[in-house]
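Each residue of the sequence shown is one higher than the one before, counting from 1 in the UniProt record's numbering. For every residue, glycine included, the Cβ atom is placed at its ideal position computed from N, Cα and C. These figures come from a predicted structure and were not determined experimentally.
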Amino acid sequence: MEALDALLNRVSAPRLLDPAPTAEQREVLFAAALRAPDHGQLRPYRFLTVEGDARHQLGEILAQAVQAQAGEVTQAALDKARAMPLRAPLVIVVVARLQDHFKVPKSEQLITAGCAAHAIELAAYAQGIGAVWRTGELSYAPLVAKGLGLTEGEEVVAFLYLGTPQNELRTAPKVEIAEFVQAWSV
1 MEALDALLNR
11 VSAPRLLDPA
21 PTAEQREVLF
31 AAALRAPDHG
41 QLRPYRFLTV
51 EGDARHQLGE
61 ILAQAVQAQA
71 GEVTQAALDK
81 ARAMPLRAPL
91 VIVVVARLQD
101 HFKVPKSEQL
111 ITAGCAAHAI
121 ELAAYAQGIG
131 AVWRTGELSY
141 APLVAKGLGL
151 TEGEEVVAFL
161 YLGTPQNELR
171 TAPKVEIAEF
181 VQAWSV
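Quick look at the structure:
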């Protein structure tokens, strides 16, 4: 696939089924992530793959986080949290590893981790793999960070859900570029 096709036409695939990406496809996904712009070559990210029964364990962590944040919650809310990781056969958790650096601020490191997540999405699209980037308030919950084994200075950037698209991908909407670009002058 042409690079510009992926950049201009990638869309999220929210309904995903088995099979998950193969080992060979995953190598491409992570190789693309490692090409993200990275001031200082810090590689301020890491990736957790969650599949099979581990998705149920992640669902339990999410349900515990819902309970901790809200106190009294409905069974429906807990069930929804438990089901979140089951929406795809593979979930890749993109973790930013922010560190003190004399030249590269943490904000740039966070952006780099986001670029790595986007590269995974583009590489997935290029290989015909469905992908959708999800976050939400649970992504930033301390209980979720602890359950995932994150250490000080680490935070979740994305939960990337990957699999086979259940439906045909929609066409990327056309956006009027002029609404977002203007010449700067003093």
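For residue i, three-class secondary structure by DSSP
i           : result
residue 164 : strand
residue 7   : helix
residue 31  : helix
residue 24  : helix
residue 187 : Missing from the structure shown is residue 187; the chain here goes from 1 to 186 and no further.
Identity of the residues DSSP links to residue i by a beta bridge
i           : result
residue 180 : DSSP lists no partner for residue 180.
residue 16  : 165
residue 175 : According to DSSP, which records beta bridges pairwise, residue 175 is partnered with nothing at all.
residue 157 : Answer is none; residue 157 lacks a bridge partner.
Cβ-heavy atom distance, residue i to the ligand GDP, below 6 Å
i          : result
residue 33 : In the structure on display, the ligand GDP does not appear, and there are no ligands present to speak of.
Cβ-Cβ separation, residue j to residue i (assumed contact under 8 Å), whole Å
i           : j           : result
residue 119 : residue 36  : 5 Å
residue 63  : residue 87  : With a Cβ gap of about 15 Å, residue 63 and residue 87 do not count as contacting.
residue 125 : residue 6   : 5 Å
residue 92  : residue 162 : 7 Å
residue 151 : residue 44  : In fact, because the Cβ distance is near 13 Å, the residues do not count as touching under 8 Å.
residue 144 : residue 65  : 5 Å
residue 17  : residue 166 : 5 Å
Buried versus exposed, by CB contacts within 10 Å (16 or more), residue i
i           : result
residue 109 : buried
residue 140 : exposed
residue 105 : exposed
residue 38  : buried
residue 130 : buried
residue 59  : buried
For this session: Report the residue ranges of all alpha helix (DSSP H) runs contained in full by the segment 77-144; include only those spanning at least 4 residues, in chain order.
Result: Taking only runs of at least 4 residues, the alpha helix (DSSP H) segments lying wholly in the segment 77-144 are 106-126.
For this session: Would you list, in sequence order, the uninterrupted beta strand (DSSP E) runs of no fewer than 3 residues that lie entirely inside the segment 40-80?
Result: List check, beta strand (DSSP E) in window: 45-51.
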